[in-house]
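Visitor: Structure in structure tokens, see below.
Numbering (full-length UniProt numbering), first residue to last: 1 to 185.
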């Protein structure tokens, strides 16, 4: 029974480690592994939980090791990179903090963590990075300029149309037409 379990586990691990072939010059190809973000989020959830109970050292340790494997993401509910920066500063791990904070502003538009002491942490992170208000404004401008504003506007319009038909008592057929239209864009 144990042998079957371990064999099944190995098969799952093997199948989840996909690769993709990237054409190179000539006939050669490079095989590059695709990242599987399931372990990323499992670790992120742990780090977020540690962060929320003020175990900044534990949160930082998990996220620092995670970001050595995976490029950092920053989603609305977890703001991973912000948690990483706040945990780093709050646990005294401020090596290269200026470069890391600049990366956060440049790639995610800001550093906002969902924590009861968010404001104090935000001040501490900016202070540790020794960034001026002018620096921060410039980094935020770089982020804003990197966005696809046309796509953002299309998504906003799609959301508005979708919600308007629902809030105004539209029929299932009308909702279906809006859904179909939005899927086909």
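Think of the CB as a built atom: it goes at the ideal place given N, C-alpha and C, for glycine as much as any other residue. Keep in mind the model is a prediction, meaning the values are calculated, not measured.
(1) Can you name, in chain order, every residue of its own chain whose Cβ lies under 8 Å from the Cβ of residue 82, other than the five neighbours on each side?
(2) Could you give the DSSP three-state label for residue 97: helix, strand or coil?
(3) Our contact map puts residue 70 next to residue 45 with C-beta atoms below 8 Å; I'd like the distance itself, whole angstroms only.
(4) To the nearest angstrom, report how far apart residue 42 and residue 67 are at their CA atoms.
(5) Hey, would you say residue 47 sits closer than 7 Å to residue 89, going by beta carbons?
(6) Quick check: the stretch 155-166 against the stretch 118-134, are at least 3 beta-carbon pairs closer than 8 Å?
(7) Nearest-angstrom Cα distance between residue 34 and residue 86?
(8) Compare the C-alpha of residue 39 against each of 84, 65 and 135 and name the closest.
(9) Any beta carbon from chain B within less than 7 Å of residue 36's own beta carbon?
(10) According to DSSP, is residue 134 part of a helix, a strand, or is it coil?
(11) Roughly how many whole angstroms lie between the Cα atoms of residue 57 and residue 135?
(12) Identify every run of the alpha helix (DSSP H) within the stretch 125-172, keeping only runs that are complete inside it and at least 4 residues long; order them along the chain.
(13) Out of 119, 60 and 80, which has the shortest C-alpha to C-alpha gap to residue 95?
(14) In chain order, what residues of the same chain have a beta carbon less than 8 Å from the beta carbon of residue 51, not counting five sequence neighbours either side?
(15) What are the complete alpha helix (DSSP H) segments, minimum 4 residues, inside the stretch 45-72?
(16) Measuring straight from C-alpha to C-alpha, what distance separates residue 155 and residue 118?
(17) Whole angstroms is fine: what's the gap from residue 184's alpha carbon to residue 170's?
(18) Beta-carbon within less than 6 Å of residue 122's beta-carbon, same chain only, minus the 5 sequence neighbours each way: which residues are those?
Guide: Well, looking at it:
(1) Working through the chain shown from its first residue, we reach residue 82 at position 82. Closer than 8 Å at Cβ, skipping near neighbours: 74, 104, 108, 110, 111, 112 and 113.
(2) In the chain shown, residue 97 corresponds to position 97, counting from 1. In the structure shown, residue 97 sits in a helix (DSSP, three-state: H, G or I).
(3) Mapped onto the chain shown, residue 70 falls at position 70. Mapped onto the chain shown, residue 45 falls at position 45. The beta carbons of residue 70 and residue 45 sit about 14 Å from each other, so the pair does not count as a contact at 8 Å.
(4) By 1-based counting over the chain shown, the position of residue 42 is 42. By 1-based counting over the chain shown, the position of residue 67 is 67. Cα to Cα, the separation comes out at about 13 Å.
(5) In the chain shown, counting from the first residue as 1, residue 47 sits at position 47. In the chain shown, counting from the first residue as 1, residue 89 sits at position 89. Not a contact, by the Cβ cut-off of 7 Å.
(6) With a cut-off of 8 Å, the stretch 155-166 and the stretch 118-134 do not count as touching, because too few Cβ pairs lie within range.
(7) As a working note, residue 34 is residue 34 in the chain shown. As a working note, residue 86 is residue 86 in the chain shown. Straight-line measurement puts the Cα of residue 86 at about 29 Å from the Cα of residue 34.
(8) For the purposes of this step, residue 39 is taken as the residue at position 39 of the chain shown. Of the listed residues, the one whose Cα sits closest to residue 39 is 65.
(9) Looking for chain B here will not work: only one protein chain is present.
(10) Here residue 134 corresponds to residue number 134 of the chain shown, with the count starting at 1. Secondary structure of residue 134 (DSSP, three-state): helix.
(11) Numbered from its first residue, the chain shown carries residue 57 at position 57. Numbered from its first residue, the chain shown carries residue 135 at position 135. Taking the straight line from one Cα to the other gives about 28 Å.
(12) Secondary structure within the stretch 125-172: the alpha helix (DSSP H) runs of 4 or more consecutive residues, fully enclosed, are 133-146 and 149-167 (chain order).
(13) On the chain shown, residue 95 is found 95 positions in, with the first residue counted as 1. Of 119, 60 and 80, the residue nearest in Cα terms is 60.
(14) Within the chain shown, the letter at position 51 stands for residue 51. If we look at residue 51 and ignore the five residues flanking it on each side, its Cβ neighbours are 59, 83, 86, 87, 113 and 115.
(15) As far as the stretch 45-72 is concerned, its whole alpha helix (DSSP H) runs of at least 4 residues are 56-67.
(16) For the purposes of this step, residue 155 is taken as residue 155 along the chain shown, with counting starting at 1. For the purposes of this step, residue 118 is taken as residue 118 along the chain shown, with counting starting at 1. Taking the straight line joining both Cα atoms gives about 30 Å.
(17) Along the chain shown, one-based indexing puts residue 184 at 184. Along the chain shown, one-based indexing puts residue 170 at 170. Approximately 20 Å, taken between the alpha carbons.
(18) In the chain shown, counting from the first residue as 1, residue 122 sits at position 122. Closer than 6 Å at Cβ, skipping near neighbours: no residue.
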